[in-house]
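Student: A single structure is presented below for examination.
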Amino acid sequence: MLTTELILEQEKKTALPHFGLNDLNPFIETLKKIGGEDYEKVCVLIKLNHRVIFFHAGQHTTNENNIWIGKKERAVDLFDHSSLYEKYLNKDHEDQFFKDSGLSPKDIAIVGGGLPLIVTGTGIVGSLIISGLTDEGDHDLGYHALLDYKAALS
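Position one of the sequence shown corresponds to residue 1 (the UniProt record's numbering), numbered consecutively onward.
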């Protein structure tokens, strides 16, 4: 079972030696490979330095996925961790989280699917946001794609 500690360890494991515009196309190919048939069930947003550099809307997605993308994106941007980490960190007191933070569930989602893009020695350089599967499925797709891409860079 996932825990906050395990999710933080996943973030460390997915730190890449580099990630820039030249990495985008090879990473997308990795994401498609890892996603398989699920790739057409998801929307994907990739940001680099707060700039959208890629968006994919799978054939089996709707505008609802776009809304979730935005909510997950804001969670990663605000907290510098995966949105699944925030879910597990607040799992027993989500209502209190929104009350204490002043944030609204209309604007932010603390569910899985948003992952920070981390470069070793630099820190967070962007984000990978996925919506269309279960929240843990979205997280797992992103996590495994980052791991596979990292292995390909070695």
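Positions of the beta carbon are idealized from the N, C-alpha and C atoms, including for glycine.
1) To the nearest angstrom, how far is it from the Cα of I28 to the Cα of A15?
2) Let me check understanding here. Comparing Cα to Cα, which of S127, L146, W68 lies closest to C43?
3) Just reading off the beta strand (DSSP E) that V125 is part of, what are its end residues?
4) Taking 8 Å as the threshold, find out whether the region 82-97 comes into contact with the region 20-27 through three or more Cβ pairs.
5) So is residue 224 buried or exposed if we call it buried at 16+ other beta carbons inside 10 Å?
6) Going along the chain, which residues of its own chain have a beta-carbon closer than 6 Å to the beta-carbon of G126, five neighbours each way excluded?
7) For L153, is the classification buried or exposed, using 16 other Cβ atoms within 10 angstroms of its Cβ as the cut-off for buried?
8) Which whole-angstrom value is the C-beta distance of A109 and S83, which I expect to be below 8 Å?
9) Consult DSSP for H60 and reduce its assignment to one of helix, strand or coil.
Tutor: A quick look at the data gives this:
1) 17 Å
2) W68
3) 123-131
4) no
5) Lying before the first or after the last residue shown, residue 224 is absent from the chain, which here runs from 1 to 154.
6) K47, L48, L117
7) exposed
8) 7 Å
9) coil
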